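Chemist: Can you read through this structure? Questions will come right after.
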Amino acid sequence: MFRNQYDTDVTTWSPAGRLFQVEYAMEAVKQGSAAIGLRSKTHVILACVNKANSELSSHQKKIFKVDDHIGVAIAGLTADGRVLSRYMRTECINYAYSYESPLPVGRLVVQLADKAQVCTQRSWKRPYGVGLLVGGLDESGAHLYYNCPSGNYFEYQAFAIGSRSQAAKTYLERRFETFMDSSRESLLKDALFALRETLQGEKLTSSNCTVAVVGVGEAFHTLDKETIQALINEFEIAGEEAPAEVPDQAASDEPAAPEEGAAPAAEGAAPMDI
Amino acid sequence: MFRNQYDTDVTTWSPAGRLFQVEYAMEAVKQGSAAIGLRSKTHVILACVNKANSELSSHQKKIFKVDDHIGVAIAGLTADGRVLSRYMRTECINYAYSYESPLPVGRLVVQLADKAQVCTQRSWKRPYGVGLLVGGLDESGAHLYYNCPSGNYFEYQAFAIGSRSQAAKTYLERRFETFMDSSRESLLKDALFALRETLQGEKLTSSNCTVAVVGVGEAFHTLDKETIQALINEFEIAGEEAPAEVPDQAASDEPAAPEEGAAPAAEGAAPMDI
Amino acid sequence: MFRNQYDTDVTTWSPAGRLFQVEYAMEAVKQGSAAIGLRSKTHVILACVNKANSELSSHQKKIFKVDDHIGVAIAGLTADGRVLSRYMRTECINYAYSYESPLPVGRLVVQLADKAQVCTQRSWKRPYGVGLLVGGLDESGAHLYYNCPSGNYFEYQAFAIGSRSQAAKTYLERRFETFMDSSRESLLKDALFALRETLQGEKLTSSNCTVAVVGVGEAFHTLDKETIQALINEFEIAGEEAPAEVPDQAASDEPAAPEEGAAPAAEGAAPMDI
Amino acid sequence: MFRNQYDTDVTTWSPAGRLFQVEYAMEAVKQGSAAIGLRSKTHVILACVNKANSELSSHQKKIFKVDDHIGVAIAGLTADGRVLSRYMRTECINYAYSYESPLPVGRLVVQLADKAQVCTQRSWKRPYGVGLLVGGLDESGAHLYYNCPSGNYFEYQAFAIGSRSQAAKTYLERRFETFMDSSRESLLKDALFALRETLQGEKLTSSNCTVAVVGVGEAFHTLDKETIQALINEFEIAGEEAPAEVPDQAASDEPAAPEEGAAPAAEGAAPMDI
Amino acid sequence: MFRNQYDTDVTTWSPAGRLFQVEYAMEAVKQGSAAIGLRSKTHVILACVNKANSELSSHQKKIFKVDDHIGVAIAGLTADGRVLSRYMRTECINYAYSYESPLPVGRLVVQLADKAQVCTQRSWKRPYGVGLLVGGLDESGAHLYYNCPSGNYFEYQAFAIGSRSQAAKTYLERRFETFMDSSRESLLKDALFALRETLQGEKLTSSNCTVAVVGVGEAFHTLDKETIQALINEFEIAGEEAPAEVPDQAASDEPAAPEEGAAPAAEGAAPMDI
Amino acid sequence: MFRNQYDTDVTTWSPAGRLFQVEYAMEAVKQGSAAIGLRSKTHVILACVNKANSELSSHQKKIFKVDDHIGVAIAGLTADGRVLSRYMRTECINYAYSYESPLPVGRLVVQLADKAQVCTQRSWKRPYGVGLLVGGLDESGAHLYYNCPSGNYFEYQAFAIGSRSQAAKTYLERRFETFMDSSRESLLKDALFALRETLQGEKLTSSNCTVAVVGVGEAFHTLDKETIQALINEFEIAGEEAPAEVPDQAASDEPAAPEEGAAPAAEGAAPMDI
Amino acid sequence: MFRNQYDTDVTTWSPAGRLFQVEYAMEAVKQGSAAIGLRSKTHVILACVNKANSELSSHQKKIFKVDDHIGVAIAGLTADGRVLSRYMRTECINYAYSYESPLPVGRLVVQLADKAQVCTQRSWKRPYGVGLLVGGLDESGAHLYYNCPSGNYFEYQAFAIGSRSQAAKTYLERRFETFMDSSRESLLKDALFALRETLQGEKLTSSNCTVAVVGVGEAFHTLDKETIQALINEFEIAGEEAPAEVPDQAASDEPAAPEEGAAPAAEGAAPMDI
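Protein chains in written order, with the numbering used here: chain L, 1 to 274; chain R, 1001 to 1274; chain Z, 2001 to 2274; chain S, 3001 to 3274; chain P, 4001 to 4274; chain C, 5001 to 5274; chain F, 6001 to 6274.
This is the structure in structure tokens:
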């Protein structure tokens, strides 16, 4: 194999103007179990697949409450994600203490991105190996952001990250036009359907997923297992494999996401944006 | 042999998004002598195999009291484990001094994990080479956590780490459904049976194991040799090789842990969770 | 391939007196989506191509307001650009606080360039991977600068950076002589025409571009989509492919930009100036 | 020879979870001249072989008084040992000043081990290259510890380190069961016999060994040459090659240390305990 | 090609006592566009070739005012030059504030050289990649210095640096004997003639050069385009290719600069002086 | 030649537990011109060979006064030796100031050794390349120590270091038993005889040696040339090649230093003691 | 060529106990233009060859005044020399301020040497690449020292460093015995004769040399050109090629410096003294 001399140090540019170490850190996001987020005008749903290390353990926590109005779902190195979500928690507390109002979601996301950027420019650190879907509600409405190891962030209507997230993204792309005015219930349904897409031959149950909600009049919280199972049952009772009429409707004014197979590199994590 | 250029520096990502140095540190846990933990609603048992360096020495201490309500069993580099357990001790003392109440177990575990995470992101340090089973009792009940060199932690009903821990895990997987409501005595029995599984052709005696208990009304303490020997004798008198009826009962609503041989990589330590 | 031993460390000079790492960072600018700037006596227009990562996301923000009188358009690493634009914001606030007048554009540009220069002379950092078009209005009139990863800056009448920026530069070179006395409307029109040049076979719509204006009596702001679409419609109604008479007029007292193909290295980013 | 890429940096883990630099530092202990320690309920004896660099010099000091109640014998890099023993001295003084009571032996040993552990986790230091036998008396009785370059420590009834220490360990293993209740005289006798084992064809005289004692009512001190020679003479007069009846007695309830040849790696220093 | 192991680190001496990294930085000066300086008893002229990156930009500024009595012309990395000229500015301000008199030119030049020297002796920095012609007037008269990346400086009657500077130096060598008593006008004429020598087949116009003057009763300032063009026109009217009689006169008491071709290494920048 | 990967960094252990960089530094001692020391109950003599760089220079100073009661003779890097001897001087002054009594020799020697040890454990320094013979007088009598680059020190009756020191050591080994009760004159004679042994075919004169004395009632001072020459003349007059009867006497109760040829590695500097 | 792994880092010892980087820095001294010094009881003369970079520049200054009673002549990296001579200046000022008397020459030389030594023991610096002849007058008379990059210094009656200094040294060796009682005039004559030896086929004129004097009643100053030329003329009038009778006289009680050709390594700079 050809030895690449530009890809072992985060402060070394390749001749083509790339930072390989940052790109490699973004690969770590793709290795994590899937997480999805979606939002309406009033609500944000975060959901993720639970992968327990063993029957003996509870699953690894991948969704964290940051404040009453903000939560985060992660894919990638859990330890990095935990450290970053605590940083977010601290920022929210400090802001609330200083200004007596909740920290706007977009502002927190920028601070988080800056913290990540620093790790892409110092020789004695490494980029964080985690992607974060940040959902929250503030005076400007419900928001969903994706924070990437590169120090970039993106605002999304809906997004999915982690392993096999492409299938979920395909589902979300077919449906997202209706999300803005979705009811909370409808949004939850879409979240569960999208999540199901990331499960390869596995059945969606309240045990292998976590779902959290934040919305108008509803502080960020994780749904309990019974509620999730009830939702799963309710929707499956309806027997709908996927709401088939929706893609058609969406396709009418939006080109269908074509040839997914042709862009495998984009799967699971946004490419390093330059 | 092919030279891997990404695996000598903890701040270097591999092209596939892995941190090899962190994974190698997790190997150190697998080399240590076995440690197990299990819990009921009211009690946590930590136990480990004693490996004396020589007849002349007492065995290496692998179970440490952190506070009256918390203890820890380690596998891997003992020196790293000792340093971390003292850190835990200090945190407990500081918390008790500030809040006049014991430090909740989960909170301590997060602080410990954060301390480990830092060592996975600085070029001038190395990841800790030790796994820690943290058992404790607080207002929310009895808890058992596993802290890993990667900076991750997991909550378990029961777990085993270190060399030959897979056999113990198999035993615990067959039995763990009953643990929640186990009596202290029954839990101790399961601990000793699980520990026996990690001894390759060696007989379990009060000399080659250490057992510690923390529970409701019972501060964390290590059992004395006589008590352990008495328990061993009592259970062996019963002649039970392993409580054979339990797996069946467990199997009724839980798929049996299948094909252990197919997942040798998972033996002894949880894989680096991403 | 021949291994270059002088191109992995930003503090290492090549035998020919080049700093390869700085040149590589300048390549990153060429990889970013295109951004253009142009100015009249009274106005500066910044415009860029929007490249959304997916249908689900809003596009990556590439134009930032720095102060009422200054804005910036970037090409290259967005995270680096964001960090630098916030630095500019802070400098403006501090200056305004100390002197009760807006920070002159040229002065800010020098501070920005100095910040970039530092990163080309320390072994533990890397050069920024972003080019910035800084547009602003101060007592000395409207200004447009280009700040480069090398720590250089250039004042321009009009400029384009990023991928496929050469086509836009060719357009601007044909037209720039008229810009100084252009009306705001005419300048906007040229901005949109230049931007269209960077779109390979794509149609210019209000969705795939962002346009911002700062001028006399007009604080820096991004135009809303309706305004942009209206402008696009208005100009395309006129059917003009490109205002063909202008190049001729320009050519009369200015040699036409010759043989673009002969200087491909200059495309997208200014070469490291020495 | 195959080049090992994991063994030049103390912060680099090998793929098998080993820290080679720490293991190599432990080799330095095996190269040092032998030191032994043994204890009864009331006394600890430290002894070592004197190796003078030349006739012209006094022998290198290998046994250091730490405090009235603690002393240390070293094998390995003398300079490292001296630095560490002075650290111990300072700790004893500080403790005595603060608490007006002698520093408990076990507590000092932990501090010493922690100091060694730090050197196994920083890229700009190296592990200490010295093993220390720490003997002392405190409220909990007489103690003998072995502190290893890895940052580990072990409590021993009796132990030997350094070159040819295996022969001494074999002697001690045969005898140690009687040590607990030994008289001071008997313990001294065993110390000298054990020490003799490490001398390859050399005769034990008061010139080639140093012996120190700490015990109830007896501050740590090194015996003078006359006393040692007198003891040697006295015991040799008795003509006993080795107290042959003891091993038998010991063997009755303890398996004899078998096949020393089968574990040559363990000779001289405890393996890096994990 | 033979790999030189001594030329990638500024703190590494070659076996022959050379610092290659410093020499390589001096190459950067040779790559820059030409700059020249010359002085009479009362005036210093600095002049340089303007190389615009594109028609759209103003040319890169290469001559900076430092104080009313000092200016600088640079060749090499512009960003480095800008940072250094601002340093000079600050020093002048501080001196004037403390001593209420202008900073003597020679003193400033030494401070500048010392700042450059530091960068030749620290492993984490790189030598500056810029040469500076410092011209100024103080109580001891008019001065012209050349400051080199090596931390050396030289006082000159006249000098030229940068690409194709050798031709200018040849011109200056023929003429310099007359400079001391030149009038301001005559000095300007020589400056323009010398500058013309560095233009390969290009015509000297007010657009491709910058000329600055400092002299008795004349603060440092750059001449405006009209003045320069007027001078060019005036002198070219005279039709003189080069004042041919002067070299002869000079040759009479000074050996002519022989065999320039024999010392190509000296072209553009003074060799590292040792 | 086989490339040793463990011998370029002072913080890297070799697999056999050696620190090669420390051993290499000890080689520097062997390269220095010879220095010897010897002591009686009341006096210490330090002497060394003078090697002038040229006729034009005074010889390099190799014997330094530290305090009235202490002096030092060095072999190896003179600059390192000078820095260390000034450190010793400072320590003596500080001690005298604080305690109003002279710093005991042994205490100073330990501080010196500790300073050297630090340089064997930090990656950004190098071990000192100098050996020091420290002679002094304090309340416990006359002392002679040898401080080695490894951070070790040894007390000697007499010792020689540097090039060709083995011959001097052989002489001293034959004679040292008589030194303790030697008169000052006799000691001086032995010093000169020993020194003569290190001169290969050169004649001992007052020009090629320096001799210093410290003793009861005699502050440390270097003898003047006349005194030395007088001594040389006086002893040579006696025609004694070497006091032949003494070795015999010494041999009677001490085995003669046998087979020097068999231990060439020990020549000139004590091996790194472990 | 064989790659030497010990010669790129100043903190790395070679197996033979050498510091190659220090030796390479000493090579830089040999590359510099020649400098000589000589002294009588009352005067010190420093002289050097002027090498102008070009006709256009004044020659590089190589002789610096440090204080009224001290001056320095350098060979090697001028920038390093300038920085060091300013350090000396500062030390003189501080001393004079504190003690109201001039800093003794020997004391300054030691401080200078210590500053150089530090650069031979830190991994992030490089040794200075300059040799300094320090001449001065204090209460103990006239002194001449040579300070070397290794951190060593030597006192000389007369010395020459730099390129072709060997010829000058040969001259000085023949003559130095008469210097002590030389008159100022006679010393100047010897200085000029010695300097002439370093000029290969070039004629000594007041233009290609600098001469400075410090002496009783005569502050350190550089002679003006007229004075020097007058001296040259005066002595050459006398036609004496070299005072031939002196070597003979010198040879009578001093062996002639034999076989210079046999020690070419010693030319120009003193070898690294160990």
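All C-beta atoms in this analysis are idealised placements derived from N, C-alpha and C, irrespective of residue type, glycine included.
On a predicted model such as this, the values are computed, not experimentally measured, just so you know.
Since Lys4030/P and Gly2017/Z are thought to touch, with beta carbons under 8 angstroms apart, how far apart are those beta carbons, to the nearest angstrom?
Modeler: At roughly 7 angstroms, the Cβ-Cβ gap stays under 8 angstroms, so Lys4030/P and Gly2017/Z are in contact.
Chemist: Spatial neighbours of Leu5172/C within its chain, please: C-beta separation below 6 angstroms, excluding the five flanking residues on both sides.
Modeler: Answer for Leu5172/C: Ala5158, Ala5194, listed in chain order.
Chemist: Taking the alpha helix (DSSP H) that Arg2094/Z belongs to, which residues open and close that run?
Modeler: Residue identity check: residue 2094/Z is Asn in the sequence provided, not Arg. First-last of the alpha helix (DSSP H) with Asn2094/Z: 2078 to 2099.
Chemist: In this structure, how does DSSP classify Val3213/S when only helix, strand and coil are distinguished?
Modeler: The answer is strand: DSSP assigns Val3213/S an E or B state.
Chemist: How big is the Cα-Cα spacing for Leu6231/F and Lys6189/F?
Modeler: Going from the Cα of Leu6231/F to the Cα of Lys6189/F covers about 7 angstroms.
Chemist: Give the straight-line distance between the Cα atoms of Phe235/L and Ser182/L, rounded to the nearest whole angstrom.
Modeler: Whole-angstrom Cα-Cα distance: 16 angstroms.
Chemist: So Gln2117/Z and Gly2151/Z are supposed to be a Cβ contact under 8 angstroms. How far apart are they, rounded?
Modeler: Confirmed, Cβ separation roughly 3 angstroms.
Chemist: Given this structure, state the Cα-to-Cα distance separating Ile3045/S from Val3105/S, to the nearest angstrom.
Modeler: The straight-line gap from Cα to Cα measures roughly 15 angstroms.
Chemist: Name, in chain order, the residues that DSSP records as bridge partners for Tyr4146/P.
Modeler: BP columns for Tyr4146/P point to Leu4133/P, Phe4154/P.
Chemist: Is it the case that the Cβ atoms of Gly2131/Z and His2069/Z are separated by a distance below 8 angstroms?
Modeler: The answer is no: Cβ separation not under 8 angstroms.
Chemist: Note down, in chain order, each residue of its chain lying with its Cβ closer than 6 angstroms to the Cβ of Asp3253/S, except the 5 sequence neighbours on either side.
Modeler: Here the model assigns Asp3253/S a pLDDT of 41, short of 50, so the residue's position is not dependable, and the following value carries that caveat. No residues qualify anywhere along the chain.
Chemist: Just checking: is the beta-carbon of Tyr3156/S within a distance shorter than 8 angstroms of some beta-carbon in chain R?
Modeler: Interface residue, yes.
Chemist: Sorted by chain position, which residues of the same chain lie with C-beta nearer than 6 angstroms to Asp3080/S's C-beta, five sequence neighbours on each side aside?
Modeler: Tyr3128, Gly3129, Val3130.
Chemist: Name the DSSP bridge partner or partners of Gly5071/C?
Modeler: Its beta-bridge partners are Lys5065/C, Gly5135/C.
Chemist: Once the 5 residues before and after Ile74/L are set aside, which same chain residues still bring their CB inside 6 angstroms of it?
Modeler: Excluding sequence neighbours, Ile74/L sits near Lys62, Gly81, Val130, Leu132.
Chemist: Return yes when at least one heavy atom of the ligand GDP lies under 7 angstroms from the C-beta of Ala75/L, else no.
Modeler: The ligand GDP is absent from the structure shown, which contains no ligand whatsoever.
Chemist: With DSSP as the reference, identify every bridge partner of Cys6048/F, one or two as the case may be.
Modeler: BP columns for Cys6048/F point to Ala6035/F, Thr6210/F.
Chemist: Going by the DSSP bridge assignment, what does Glu4218/P pair with across the sheet?
Modeler: Paired residues: Gly4215/P.
Chemist: Skipping 5 residues on each side, what residues in its chain have a beta carbon closer than 8 angstroms to that of Lys1229/R?
Modeler: Strictly speaking, residue 1229/R in this sequence is Gln, with Lys absent from that position. Excluding positions up to five away in sequence, the list reads Thr1205, Ser1206.
Chemist: Going by DSSP, which residues form a beta bridge with His1043/R?
Modeler: DSSP output for His1043/R lists Gly1215/R as bridge partner(s).
Chemist: Strictly under 8 angstroms for the Cβ-Cβ distance: is Tyr1171/R near chain L by that measure?
Modeler: Not one chain L Cβ lies under 8 angstroms of Tyr1171/R.
Chemist: What do you reckon, are the CB atoms on Phe5220/C and Gly5071/C nearer than 8 angstroms?
Modeler: Yes, they are a contact pair.
Chemist: Let me make sure I understand the geometry here. Which of Leu2103/Z, Phe2020/Z, Val2049/Z has the alpha-carbon closest to that of Leu2199/Z?
Modeler: Among Leu2103/Z, Phe2020/Z, Val2049/Z, the Cα nearest to that of Leu2199/Z is on Val2049/Z.
Chemist: Which one of Glu3055/S, Phe3064/S, Val3110/S, Ala3047/S has the shortest CA to CA distance from Gly3162/S?
Modeler: Comparing Cα-Cα distances from Gly3162/S to each of Glu3055/S, Phe3064/S, Val3110/S, Ala3047/S, the minimum goes to Ala3047/S.
Chemist: Of all the CB atoms in chain R, is at least one closer than 8 angstroms to the CB of Asn3152/S?
Modeler: At least one chain R Cβ lies under 8 angstroms of Asn3152/S.
Chemist: Under 8 angstroms between C-beta atoms, does Pro2015/Z make it to chain L?
Modeler: By this cut-off, Pro2015/Z is not an interface position.
Chemist: Just the Cα atoms here: how many angstroms apart are Ala212/L and Tyr145/L?
Modeler: When rounded, the distance between both Cα atoms is 15 angstroms.
Chemist: Give me, in chain order, the residues of the same chain whose beta-carbon lies closer than 6 angstroms to that of Gly76/L; leave out the 5 immediate sequence neighbours on both sides.
Modeler: Once the five neighbours on either side are set aside, the close Cβ partners of Gly76/L are Ala28, Val29, Gly32, Gly129, Val130, Gly131.
Chemist: Return helix, strand or coil for Ser6165/F, following the three-state DSSP convention.
Modeler: If DSSP states are grouped into helix, strand and coil, Ser6165/F belongs with the helices.
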